[in-house]
Amino acid sequence: MLNKKTATNVDTTKEAKNTPEKHQPWKELGLKLEEYDEIKSILGRRPTSAELAMYSVMWSEHCSYKSSKIYLRQFGEKVTPEMTKNLMVGMGENAGVVDIGEGWAVTFKVESHNHPSYIEPFQGAATGVGGIVRDILTMGARPIAVMDQLRFGAPENPDTRRVVDGVVAGISFYGNCLGLPNIGGETVFDKVYQGNPLVNALSVGALRHEDLKLAKASNPGDLVILFGARTGADGIGGVSVLASETFDADGPSRRPAVQVGDPFAEKVLIECCLELYKAQVVAGIQDLGGAGLSCATSELASNGNAGMRVQLQDVLLRDDSLTPEEILMSESQERMMAIVPKKDKDAFVAIVEKWEVEYSILGEVIKEPRLYINWGTEEIVNVPPRTVAHDGPVYERPVAEPKWIKALNKDTTKNLAKSESPEELATQLMQIITSPNQASKNFITDQYDHYVGGNTALAMPDDAGMIRVDETSSLGIAIATDANGRYGQLDPYAGAQLALAEAYRNVATSGAVPAAVTNCLNFGSPENPEVMWQFKQATAGLADACLELGIPVTGGNVSFYNQTGDVAIHPTPVVGVLGVIDDVARRIPCGWQDAGHNIYLLGTTEEELDGSVWSEVIHDHLGGIPPKVKLQEEKKLAEALNAASLQGLLASAHDLSEGGLAQALVESVSRFQVGARIFIDELVETNKISKTAALFSETQARVLVSVGREDDVKFIGLCEQRGIPVTRIGVTDTEPTLEIQHIASWPIADLKSASEATLPELFA
Amino acid sequence: MKIGVVTFPGTLDDRDAQRAVRLAGATPVPLWHADTNLHEVDAVVLPGGFSYGDYLRCGAIAAQAPVMQTIIEKANQGLPVLGICNGFQVLVESHLLPGGLIRNENQHFICRDQILEVENNTTAWTNQFKLGEHITIPLKNGEGGYIADAETLKRLEGENLITFRYVDVNPNGSMNNIAGLRNAKGNVVGLMPHPEHAVEAGFGPDMPEAMRSGVDGLKFFTSVIHSLVNA
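From first to last, the protein sequence lines stand for chains A and B. The opening residue of the first sequence carries number 1 in the numbering used here; numbering runs sequentially from there. The opening residue of the second sequence carries number 1 in the numbering used here; numbering runs sequentially from there.
Here's what the structure looks like:
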């Protein structure tokens with residue numbers, strides 16, 4: 001490749017016209033022959049090497065959503081006017097924006113950084129946080145919190161420790177330095193993620209309605225300004241190579257590198273951007289992430305139905321040897337591109353200089369919808385921006401129901417041994433709550449700052465994270481994310497719905513009203529028809545369930561190619577639900593706060609152990625069909641929780657999910673070390689279930705609440721009115737123990753220390 | 001009553017410190033790292049964060065910032081200055097307080113609700129506490145291990161300059177369980193934990209009475225107001 005010193009040899013549009021026969025490395029850049037031919041037909045000539053670089057990276061799976069697009073459309077189609085009435089910006093922008101009232105809006109999104117995080121866990125995870133935060137910032141919002149959804153390989157595999165250490169340290173390093181509270185997330189271990197750990201990061205931001213910004217360049221004459229960090233050789237080709245190809249031991253080795261993050265630069269960039277927004281000197285803005293300048297220039301122009309003239313030699317470089325192609329593809333972090341009216345240039349410059357942020361004016365917006373990029377006097381790009389950014393290829397890939405799924409669904413837990421002996425059930429309970437997936441995640445979450453900002457109303461281990469948005473009115477938001485890959489493997493349609501249901505329920509237990517959905521769909525290779533079938537099922541399930549619950553999807557992300565060799569990960573659709581709460585003082589924690597309260601289990605418990613934690617930990621089994629999805633019950637439950645919270649009837653609320661009642665009980669006593677006496681005999685009788693199911697079943701639409709005695713009548717009435725089954729299963733107690741009658745009794749300190757010991761023993 | 005809160009590039013808890021000042025009843029005044037003018041404030045808070053990205057050494061570059069030159073001069077004349085976390089590191093790097101702060105013993109960033117014992121209640125920032133009082137405020141740092149040479153430690157102990165000590169758990173391996181210090185005059189106090197995160201019920205640490213109800217940090221700010229009113 002060329003560099004600046006020999007730039008006379010750069011491949012120009014003129015050269016491209018004159019040398020149509022020149023061989024180009026389209027295949028090595030990840031393009032298919034049909035795609036290369038399509039580029040030639042768009043341009044009426046062969047692309048220059050710079051154009052080829054742009055198309056290849058923008059048409060990669062990661063940037064173009066070419067395999068998923070036809071399925072993602074249904075998130076915009078399966079909606080009612082009621083669902084979208086508070087949606088200020090829907091899918092397709094950097095992040096969706098939801099009106100939460102009082103002139104406030106919030107924007108939130110979850111995104112994957114899976115492949116880089118396997119190669120270089122620390123920087124991969126760090127830049128994952130950095131990238132999603134810039135997406136939020138781009139909408140005109142101040143980022144107010146982050147969460148992370150992590151999936152690692154088997155805890156006992158020696159490589160898992162490398163990934164866990166790096167990922168956790170990377171998130172801690174980057175997030176803490178940005179001053180964003182980390183308010184929750186997920187950590188799951190399963191051997192299916194051994195070679196494909198999932199590192200998803202969510203960020204949420206708040207803005208006043210009038211501060212909304214969009215990534216578009218529409219006014220001819222406006223300046224195109226690149227600001228922030230300098231451009232270096234980070235992650236060149238990272239998007240197409242790292243995100244779109246399965247790891248293969250004998251694959252070609254390329255130059256990419258995982259991007260390197262500098263959270264200090266990003267923190268300064270955040271404050272600088274917020275000051276630019278306040279001064280109203282920015283007409284459009286886009287962050288630079290995957291595909292770097294190729295993406296920012298083409299998307300801004302395409303979104304604005306305009307064009308752009310750019311001088312690539314004006315890009316400030318960290319490394320002078322970069323070729324034009326590399327500059328276009330570089331994924332150097334902490335960069336933004338602003339569209340600035342000429343009259344505002346001086347004000348813009350004054351603000352970036354105050355923050356000591358470097359900038360360079362690359363060119364200007366033009367009326368003609370064409371993107372021209374020059375390298376000195378030579379034209380190296382001359383393309384319709386829409387063809388790069390939005391009109392990429394769309395595939396309807398073959399789908400096939402997996403041959404193995406019927407046999408898997410038949411292999412239920414029915415024949416697994418279910419003990420009725422108190423000793424054995426007590427032992428199983430301890431095995432479950434100390435298993436890596438169910439044990440306390442304090443070892444990880446204690447490395448994250450959840451205080452900064454002074455607005456955190458709830459954070460882990462509570463069911464949802466909650467942040468105050470308005471300090472005067474106490475208006476706030478709650479967010480929870482969930483996914484269960486085991487359920488997804490058994491039934492991807494139901495698996496996606498169950499992820500949504502759990503996140504929805506978690507938001508409801510916090511006292512907030514669920515309002516919007518984001519997702520990060522982690523799957524294997526779309527070129528495998530069985531994986532594509534899983535994807536089709538999961539997206540349909542999620543869209544149908546959102547419609548039934550009446551909350552819209554506002555945006556999301558797809559991560560394909562999470563597989564090693566022929567083995568794909570379990571379908572893992574991470575679903576995030578955002579809720580709104582008019583007064584965060586009303587928030588409900590997941591644990592019991594006072595002795596002498598009644599403990600109620602809301603919902604019905606069924607014999608549903610397929611895909612459960614119990615089947616995994618006790619029997620190392622995965623088979624059968626996941627718990628029934630009960631969306632109507634979930635809705636009623638959420639309404640009841642909201643009504644009870646408005647009347648101040650709930651001292652605590654904790655959703656039942658993985659690990660069932662047993663897990664919820666242990667977490668509820670551990671939260672504030674308030675003990676309880678529990679009786680499950682009535683539960684067993686009225687629901688006609690085994691004791692194993694009473695303790696460990698993962699039946700949906702269930703919540704454990706504690707209610708002060710004076711509020712009993714009101715609370716029960718409220719549930720009965722709505723037809724929600726209420727079973728009193730115990731009382732909170734001054735004794736610091738958890739007693740499950742006829743099973744066992746444990747000092748809380750023992751439960752807590754056992755649960756907190758697991759992860760440090762593995763990873764400290 | 002005006003209390004300045006300094007923002008360096010990379011400062012994170014400046015808005016939190018401003019809120020704490022406001023809740024205590026004074027007026028927060030933002031101060032900018034590149035401005036030597038303190039705008040006639042009556043006291044200064046150096047808040048937490050990662051000033052200048054913690055490059056070189058935590059607080060080392062901030063100690064050279066223009067605003068610090070004025071703060072150092074005024075602090076030596078008696079201006080009350082509170083350094084929190086990164087602000088404590090800046091005070092140490094500015095030689096307003098002795099010793100140094102190094103990586104936590106366990107090598108990880110730590111965020112936890114921490115109990116401290118108030119060992120000195122004669123300073124500008126601690127006069128509203130009882131001597132020996134146990135207070136709970138959040139701690140969150142990566143480099144909070146306090147170190148000093150034997151002679152300095154002896155002097156700190158002998159002259160009663162140790163203002164806060166960790167109780168129950170020494171989270172970061174600090175020598176003599178030191179969480180915070182004062183200067184001889186008592187106008188300069190620095191500590192690793194974050195009083196500005198324990199000033200508002202609902203957003204502070206969990207307390208035995210109720211979740212997230214801890215407001216022990218507020219007394220730092222009412223103390224300085226008290227000392228200024230009675231000066």
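Beta carbons: idealized from backbone N, C-alpha and C, even for Gly.
Suppose you measure from the CA of residue i to the CA of residue j; what does that come to, to the nearest Å?
i: B:G10; j: A:A16; result: 47 Å
i: A:V629; j: A:C273; result: 43 Å
i: A:Q700; j: A:P47; result: 54 Å
i: A:L276; j: A:E102; result: 24 Å
i: B:T122; j: B:G132; result: 12 Å
i: A:K345; j: A:I339; result: 10 Å
i: A:A749; j: A:L429; result: 16 Å
i: A:V513; j: A:R486; result: 28 Å
i: B:G202; j: B:N141; result: 22 Å
i: B:I110; j: A:L198; result: 24 Å
i: A:V224; j: A:L650; result: 54 Å
i: A:Q497; j: A:A538; result: 8 Å
i: A:N219; j: A:K367; result: 7 Å
i: A:T107; j: A:G488; result: 27 Å
i: A:Q563; j: A:L416; result: 30 Å
i: A:S645; j: A:D262; result: 42 Å
i: B:G48; j: A:I618; result: 46 Å
i: A:F247; j: A:T572; result: At A:F247, the pLDDT of 46 sits below 50, so the modelled position is not reliable and the matter cannot be decided from this model.
i: A:T12; j: A:N374; result: 9 Å
i: B:S51; j: A:D159; result: 35 Å
i: A:G170; j: B:H108; result: 11 Å
Taking 8 Å as the cut-off, decide whether the C-beta atoms of residue i and residue j are in contact.
i: A:G376; j: A:R309; result: no
i: A:R134; j: A:G232; result: no
i: A:I467; j: A:W614; result: no
i: A:G96; j: A:T554; result: yes
i: B:P80; j: B:L139; result: no
i: A:I689; j: A:E606; result: yes
i: A:N114; j: A:N442; result: no
i: A:I724; j: A:A640; result: yes
i: B:A26; j: B:F220; result: no
i: B:I305; j: B:P205; result: Look at the range of chain B in this structure, 1 to 231, and you will see that residue 305 of chain B is not part of it.
When you compare the CB of residue i with every CB in chain B, is at least one pair closer than 8 Å?
i: A:A243; result: At A:A243 the pLDDT is 34, less than 50, meaning the model places this residue with poor confidence and gives no usable figure here.
i: A:A417; result: no
i: A:D248; result: With a pLDDT of 44 at A:D248, under the threshold of 50, the predicted position of this residue should be treated as unreliable, and no value is reported.
i: A:F264; result: yes
i: A:V349; result: no
i: A:S697; result: no
i: A:C590; result: no
i: A:K32; result: no
i: A:K278; result: no
Output, in chain order, the set of chain A residues within a Cβ distance shorter than 8 Å of residue i.
i: B:D216; result: Correct list: empty, because the minimum Cβ distance to chain A is about 14 Å.
Kindly say whether residue i, judged by its beta-carbon, lies nearer than 8 Å to any beta-carbon of chain A.
i: B:D206; result: yes
i: B:R57; result: no
i: B:V229; result: no
i: B:L156; result: no
Kindly list, in the order they appear in chain B, the residues whose Cβ is closer than 7 Å to that of residue i.
i: A:T456; result: F203
i: A:K69; result: What A:K69 touches in chain B: nothing, since even the nearest Cβ is about 39 Å away.
Just the chain A side, please: which residues come within less than 7 Å of residue i by C-beta, in chain order?
i: B:P138; result: Y451
Closer than 9 Å by beta-carbon distance: list the chain B residues that pair up with residue i, in chain order.
i: A:D446; result: H108, F109, I110, C111, R112
i: A:W355; result: P9
i: A:K752; result: Under the 9 Å cutoff, chain B gives no residues; its nearest Cβ is about 14 Å from A:K752.
Report back the beta-carbon spacing between residue i and residue j to the nearest angstrom; my notes put them in contact at under 8 Å.
i: A:S474; j: A:A643; result: Not quite, the Cβ-Cβ distance comes to about 19 Å (not below 8 Å), so this is no contact.
i: A:R587; j: A:A503; result: Not really, about 17 Å apart at Cβ, beyond 8 Å.
i: A:A483; j: A:L759; result: Actually they are not in contact, since the Cβ atoms of A:A483 and A:L759 sit about 20 Å apart, beyond 8 Å.
i: A:T727; j: A:L683; result: 6 Å
Any heavy atom of the ligand MN closer than 7 Å to the CB of residue i?
i: B:Q128; result: Although the ligand MN was asked about, the structure shown includes no ligands whatsoever.
What does residue i reach in chain B if we use C-beta pairs closer than 8 Å?
i: A:F672; result: D206, M211
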